[in-house]
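Structure record follows, encoded as structure tokens.
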Amino acid sequence: MNIFRLAGDMTHLASVLVLLLKIHTIKSCAGVSLKTQELYALVFATRYLDIFTHFISIYNTLMKLIFLGSSFSIVWYMRRHKIVRRSYDKEQDTFRHLFLILPCFLLALVINERFTFKEVMWTFSLYLEAVAILPQLVLLQRTRNIDNLTGQYVFLLGGYRALYILNWIYRYFTEQHFVHWITWISGLVQTLLYADFFYYYFHSWKNNEKLQLPA
Amino acid sequence: SQESTTKDEL
Chain A
1 MNIFRLAGDM THLASVLVLL LKIHTIKSCA GVSLKTQELY ALVFATRYLD
51 IFTHFISIYN TLMKLIFLGS SFSIVWYMRR HKIVRRSYDK EQDTFRHLFL
101 ILPCFLLALV INERFTFKEV MWTFSLYLEA VAILPQLVLL QRTRNIDNLT
151 GQYVFLLGGY RALYILNWIY RYFTEQHFVH WITWISGLVQ TLLYADFFYY
201 YFHSWKNNEK LQLPA
Chain B
1 SQESTTKDEL
């Protein structure tokens with residue numbers, strides 16, 4: 001494992017911890033999109049189908065369990081927890097899951113490396129992950145006051161994607177492996193979705209202002 | 001069949 005991959009995974013882990021910290025400690029999920037969190041839960045559930053049948057390393061299995069566990073517990077908190085669910089901006093979080101899930105599923109049926117159940121689900125999870133942040137970005141744009149933890153959560157998620165691209169460039173030159181168009185293109189699309197957010201994040205950071213996205 | 005190496009990623 002190279003340094004970019006490790007840094008990417010740790011950034012991903014940090015983003016989840018920041019979100020859990022906000023929800024568990026402050027008992028608030030204000031500004032967090034339940035739609036995005038449900039999509040992530042679906043992404044991990046469909047990607048890690050082989051978690052108990054295909055062993056790679058203890059690190060790999062442990063991280064998969066963490067991402068599965070955290071995504072489902074965040075959804076649980078936002079839907080079921082007595083106090084947390086009261087802070088959910090239901091009226092603002094209106095993005096329709098199906099508009100993302102259905103096209104990704106159809107695309108995975110058509111464009112995949114092998115037409116098997118596991119492979120199609122794995123490809124579906126890549127396409128869905130690429131766009132899963134959209135409801136969250138829409139919600140951020142609607143929220144006038146983005147709190148620090150929510151801003152950091154999205155920033156860390158975007159950082160994780162950027163580091164994964166560096167990881168692929170590194171792997172491309174150091175390992176004998178063929179071109180992974182599906183992974184790379186969906187990963188690139190996903191990272192580009194953060195470009196606008198990054199611009200305003202750095203802008204507010206540089207000027208020491210509160211993060212606000214233009215309407 | 002050859003498995004893609006990116007399957008070891010998260």
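These protein sequences, in sequence, are chains A and B.
Under our numbering, the first residue of the first sequence is numbered 1, with each subsequent residue one higher.
Under our numbering, the first residue of the second sequence is numbered 1, with each subsequent residue one higher.
Ideal placement from N, C-alpha and C gives every residue a C-beta, glycine not left out.
Please list the residues of the stretch 61-82 of chain A that have a C-beta atom closer than 8 angstroms to any C-beta atom in chain E, keeping them in chain order. No chain E is present in this structure, whose protein chains are A and B.
Spell out whether any CB of chain B is found under 8 angstroms from the CB atom of L98 (chain A). Here residue 98 (chain A) corresponds to residue number 98 of the first sequence, with the count starting at 1. No, because no Cβ of chain B sits closer than 8 angstroms to the Cβ of L98 (chain A).
Answer yes or no: do M121 (chain A) and T46 (chain A) have a C-beta to C-beta separation smaller than 8 angstroms? Within the first sequence, the letter at position 121 stands for residue 121 (chain A). Within the first sequence, the letter at position 46 stands for residue 46 (chain A). A contact, by the Cβ cut-off of 8 angstroms.
Alpha carbon of T94 (chain A) to alpha carbon of F198 (chain A), nearest angstrom: Locating residue 94 (chain A) in the first sequence gives position 94, where the first residue counts as 1. Locating residue 198 (chain A) in the first sequence gives position 198, where the first residue counts as 1. One C-alpha to the other measures close to 23 angstroms.
When burial is assigned at 16 or more other CB atoms within 10 Å of the CB, is L189 (chain A) buried or exposed? Working through the first sequence from its first residue, we reach residue 189 (chain A) at position 189. Note on identity: in this sequence residue 189 (chain A) is Val, with Leu being the wrong assignment. Exposed.
When you compare only the Cα positions, how much space is there between I23 (chain A) and Q176 (chain A)? Position 23 of the first sequence, counting from 1, holds the residue named residue 23 (chain A). Position 176 of the first sequence, counting from 1, holds the residue named residue 176 (chain A). Between I23 (chain A) and Q176 (chain A), the C-alpha separation is close to 43 angstroms.
Distance between beta carbons of C104 (chain A) and L128 (chain A), contact taken as under 8 angstroms: Sequence index remark: in the first sequence, residue 128 (chain A) carries index 128 (1-based). Sequence index remark: in the first sequence, residue 104 (chain A) carries index 104 (1-based). Right, the Cβ-Cβ distance comes to about 4 angstroms (below 8 angstroms), so this counts as a contact.
Got a sec: is the Cβ-Cβ distance from T46 (chain A) to anything in chain B below 8 angstroms? The sequence position of residue 46 (chain A) within the first sequence is 46, counting from 1. Output row for T46 (chain A): interface = no.
Please state whether DSSP places M1 (chain A) in a helix, a strand or coil. Sequence index remark: in the first sequence, residue 1 (chain A) carries index 1 (1-based). Of the three classes helix, strand and coil, the one that applies to M1 (chain A) here is coil, per DSSP.
E129 (chain A) in three-state terms, based on DSSP: By 1-based counting over the first sequence, the position of residue 129 (chain A) is 129. Secondary structure of E129 (chain A) (DSSP, three-state): helix.
Should M1 (chain A) go down as buried or exposed, given a rule of 16 or more other Cβ atoms within 10 Å for buried? As a working mapping, residue 1 (chain A) is identified with position 1 in the first sequence. Exposed: under 16 other Cβ atoms inside 10 Å.
Please name the residue in A:E38, A:T11, A:R5, A:H12 whose C-alpha comes closest to that of P264 (chain A). Because chain A is modelled from 1 through 215, residue 264 (chain A) falls outside the range shown and cannot be assessed.
F44 (chain A) versus A195 (chain A) - alpha carbon distance: As a working mapping, residue 44 (chain A) is identified with position 44 in the first sequence. As a working mapping, residue 195 (chain A) is identified with position 195 in the first sequence. It is roughly 24 angstroms from the alpha-carbon of F44 (chain A) to the alpha-carbon of A195 (chain A).
Reduced DSSP category for L193 (chain A) - H, G, I as helix; E, B as strand; rest coil: Position 193 of the first sequence holds residue 193 (chain A). Correct three-state label for L193 (chain A): coil.
Straight-line gap, S28 (chain A) to D147 (chain A) (C-alpha atoms, nearest Å): Mapped onto the first sequence, residue 28 (chain A) falls at position 28. Mapped onto the first sequence, residue 147 (chain A) falls at position 147. Annotation: S28 (chain A) to D147 (chain A) spans about 11 angstroms, alpha carbon to alpha carbon.
Would you decide whether Q2 (chain B) is buried or exposed? Buried here means 16 or more other CB atoms lie within 10 Å of its CB. Along the second sequence, read from residue 1 onward, the residue named residue 2 (chain B) stands at position 2. For Q2 (chain B), the pLDDT reaches just 46, beneath the cut-off of 50, and the residue's location in the model is therefore unreliable, leaving the point undetermined.
E91 (chain A) versus A:I3, A:S33, A:G69, residue with shortest Cα-Cα distance: Position 91 of the first sequence, counting from 1, holds the residue named residue 91 (chain A). The candidate whose alpha carbon is nearest that of E91 (chain A) is A:S33.
For L19 (chain A), count the other beta carbons within 10 Å of its own beta carbon; 16 or more makes it buried, fewer makes it exposed. Which is it? Counting from 1 along the first sequence, the entry for residue 19 (chain A) is found at position 19. Answer is buried; the Cβ neighbour count reaches 16.
Whole-angstrom C-beta distance between L140 (chain A) and L213 (chain A), which should lie under 8 angstroms: Taking the first residue of the first sequence as 1, we reach residue 213 (chain A) at position 213. Taking the first residue of the first sequence as 1, we reach residue 140 (chain A) at position 140. At roughly 6 angstroms, the Cβ-Cβ gap stays under 8 angstroms, so L213 (chain A) and L140 (chain A) are in contact.
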